[in-house]
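Down below is the structure, laid out as structure tokens.
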Amino acid sequence: MPFFEAVKLAFATIRVQKLKSFFTALGVCIGVMFLIAVVSIVDGMGRYMENDLIGKLIAINSFELRHRPNINIGDVDRATWLEYNRRPRILESDVQPVVDALPSGTLWSIYSEAGVQVESEYSRPRRGNVTAVDGDYFEIKRFGVTDGRLFTPGELTQGSNVVVLGPDLVKRLFPTVDALGRQVKIGGKMYTVVGIGESLGSAFGMSFDNYVYAPFRSPIHRLLNREAHAIDALVVQTPTADAITDGQERVRAVMRARHQLRPSQKDNFSLQTADTALDFWNKIKGYLVLAGIALPAFGLVVGAIVIMNIMLVAVAERTHEIGIRKALGAKRRDILIQFMIEATTLSTFGAALGIAVGSGLALLIRSTTPMPTFVAPWSIVVGVLIGAGVGVISGVYPASRASLLDPVAALRQE
13 MPFFEAVKLA FATIRVQKLK SFFTALGVCI GVMFLIAVVS IVDGMGRYME
63 NDLIGKLIAI NSFELRHRPN INIGDVDRAT WLEYNRRPRI LESDVQPVVD
113 ALPSGTLWSI YSEAGVQVES EYSRPRRGNV TAVDGDYFEI KRFGVTDGRL
163 FTPGELTQGS NVVVLGPDLV KRLFPTVDAL GRQVKIGGKM YTVVGIGESL
213 GSAFGMSFDN YVYAPFRSPI HRLLNREAHA IDALVVQTPT ADAITDGQER
263 VRAVMRARHQ LRPSQKDNFS LQTADTALDF WNKIKGYLVL AGIALPAFGL
313 VVGAIVIMNI MLVAVAERTH EIGIRKALGA KRRDILIQFM IEATTLSTFG
363 AALGIAVGSG LALLIRSTTP MPTFVAPWSI VVGVLIGAGV GVISGVYPAS
413 RASLLDPVAA LRQE
């Protein structure tokens with residue numbers, strides 16, 4: 013039997029038995045729908061992490077010197093955590109020797125951060141992510157303001173009591189008045205608002221605009237770090253991506269010498285790049301993809317069983333028709349191909365519905381929630397192949413039974 017004639021016959025069967033065909037395709041539709049939806053969410057999150065979020069956490073062409081990583085890949089066991097806590101803090105006195113070892117054209121800044129209560133006379137206290145910065149921090153992070161200004165070199169050097177607020181905190185702390193020139197209280201000290209920072213956006217429903225920036229040498233530093241002269245991180249930005257490895261090795265050499273480490277001893281500090289955060293995300297992404305494949309797989313197995321059972325019923329109902337076809341000269345291969353194509357057409361039709369519904373669900377999630385989604389072309393191809401594969405697998409046994417029917421016995425059956 014020609015392939016297109018078999019497909020045409022399969023669609024004719026679908027039209028005649030609409031309800032049965034619908035339930036036959038439903039299992040495959042649900043499985044593929046969830047597969048497309050889950051993959052689009054994971055892929056969208058991956059693109060967001062790589063193109064946007066990582067840049068907010070760690071600037072491009074940069075790395076951070078920390079006493080312990082603030083992004084951990086996988087679970088950290090007790091022994092590792094204790095080792096982190098035994099590490100010496102990175103001190104302000106470490107900064108200049110490290111900076112002196114860096115090549116020309118390198119930007120750097122020290123900073124410390126913590127969640128702290130921020131108060132104003134126009135609203136109740138709000139919790140903000142307070143960061144004390146110095147040096148080239150704003151240039152490294154490509155940070156700007158929408159109103160007012162950033163800190164002057166004099167304010168950074170003197171540790172003036174000035175702050176730049178994020179848009180969310182401005183709305184909450186100064187709901188009815190202009191924030192510029194007004195004061196906020198942080199840790200019992202008053203700070204003047206000199207700038208309103210640009211929006212950093214959000215990820216997965218978490219806003220990044222709840223921030224406060226202040227000069228590192230202001231009293232805020234003592235609030236953020238209990239240990240005198242300690243810093244959370246030294247961020248270093250190299251002129252090019254190729255210079256990052258050389259920059260890291262220079263910093264490693266200086267810090268190992270300052271911490272008096274022997275060649276056999278491991279680093280008791282961390283050098284963290286954007287790749288660290290991406291490795292962390294890729295590990296999570298792997299688990300999500302596995303879960304995203306496992307859950308729809310149940311629907312596809314159910315769909316395959318349903319298709320096989322319905323095709324067996326179809327063989328029983330169409331025994332007389334099979335007998336007529338064989339009496340007219342249809343070979344066993346023709347009957348086998350006919351029922352295989354019918355099963356494959358039904359499951360592929362269900363997969364197509366699943367792709368359409370899954371893509372629509374992904375678009376709905378993107379438009380109504382903060383969750384980024386992206387329907388990758390490869391996931392559509394995989395959905396179609398899965399649908400066809402389910403049809404082939406589930407159609408083998410019914411098609412084989414149909415092809416083995418005795419034509420004389422089949423013609424006798426009504």
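In case it helps, our numbering puts the sequence shown at residues 13 to 426. All residues carry an ideal CB built from backbone N, CA and C; glycine is no exception. Since this is a predicted model, take the numbers as computed values, not measurements.
Considering residue i, what are the terminal residues of the beta strand (DSSP E) in which it resides?
i, result
"Gly370", "Counting along the chain, Gly370 falls outside any beta strand (DSSP E), though it belongs to the alpha helix (DSSP H) covering Arg344 to Thr380."
"Thr164", "Neither: Thr164 is in no beta strand (DSSP E) and is coded neither H nor E."
"Gln284", "Ser282 to Thr285"
"Tyr123", "Leu119 to Ser132"
Since I believe residue j is in contact with residue i (beta carbons under 8 angstroms), could you give me their beta-carbon distance rounded to a whole number of angstroms?
i, j, result
"Gly407", "Ala355", "3 angstroms"
"Phe35", "Val318", "7 angstroms"
"Ile377", "Ile53", "7 angstroms"
"Ala245", "Val175", "Contact doesn't hold; Cβ gap of about 20 angstroms is too wide."
"Gly471", "Thr385", "The first residue shown for the chain is 13 and the last is 426, placing residue 471 beyond what the model contains."
"Gly207", "Val248", "That pair is no contact at about 25 angstroms."
"Ile152", "Ala71", "5 angstroms"
"Asp148", "Ser121", "5 angstroms"
"Val224", "Val110", "So it is not a contact: roughly 27 angstroms between Cβ atoms."
Assign residue i to one of three DSSP states: helix, strand, or coil.
i, result
"Ile85", "A caution first: Ile85 carries a pLDDT of 47, below 50, which makes its placement in the model too unreliable to give a value."
"Glu104", "helix"
"Tyr225", "strand"
"Ile428", "Residue coverage of the chain in this structure runs from 13 to 426, which leaves residue 428 outside it and unanswerable."
"Val189", "coil"
"Pro251", "coil"
"Thr143", "strand"
"Ile72", "coil"
"Arg138", "strand"
"Met218", "strand"
"Arg78", "strand"
"Leu21", "helix"
"Leu246", "strand"
"Leu300", "helix"
"Leu177", "strand"
"Gly156", "coil"
"Gly341", "coil"
"Gly403", "helix"
"Gly209", "strand"
Nearest-angstrom Cα distance between residue i and residue j?
i, j, result
"Pro308", "Gly43", "4 angstroms"
"Ser214", "Lys32", "46 angstroms"
"Arg434", "Ala339", "Nothing about residue 434 can be read from this structure; the chain reaches only from 13 to 426."
"Pro231", "Tyr203", "10 angstroms"
"Cys41", "Leu358", "10 angstroms"
"Asp159", "Gln195", "16 angstroms"
"Phe281", "Glu125", "18 angstroms"
"Leu77", "Asp106", "10 angstroms"
"Thr92", "Ser391", "39 angstroms"
"Leu236", "Gly366", "52 angstroms"
"Gln284", "Thr250", "14 angstroms"
"Ser276", "Arg268", "11 angstroms"
"Asp180", "Arg154", "19 angstroms"
"Tyr409", "Ile347", "12 angstroms"
"Glu434", "Ala113", "Beyond the ends of the chain as shown, which are 13 and 426, falls residue 434; an answer cannot be given."
"Ala328", "Asn321", "11 angstroms"
"Val396", "Ala364", "7 angstroms"
"Ile85", "Ala326", "With a pLDDT of 47 at Ile85, under the threshold of 50, the modelled position of that residue is not reliable, and no figure is offered here."
"Arg138", "Gly58", "32 angstroms"
Within 10 angstroms of its Cβ, does residue i collect 16 or more other Cβ (buried), or is it exposed?
i, result
"Gly362", "buried"
"Pro187", "exposed"
"His79", "buried"
"His241", "exposed"
"Asp146", "buried"
"Tyr123", "buried"
"Arg234", "exposed"
"Gln108", "exposed"
"Asn73", "buried"
Which two residues bound the contiguous alpha helix (DSSP H) that contains residue i?
i, result
"Leu235", "Ile232 to Leu236"
"Leu94", "Arg90 to Arg98"
"Val387", "Segment: none, Val387 is in no alpha helix (DSSP H) and carries neither H nor E."
"Gly171", "Segment: none, Gly171 is in no alpha helix (DSSP H) and carries neither H nor E."
"Ala240", "That residue, Ala240, is in no alpha helix (DSSP H); it is neither H nor E in DSSP."
"Arg264", "Ile256 to Arg270"
Say the cut is 7 angstroms; is the CB of residue i nearer than that to a heavy atom of the ligand GDP?
i, result
"Asp254", "Of the ligands one can find in the structure shown there are none, so the ligand GDP has no counterpart to examine."
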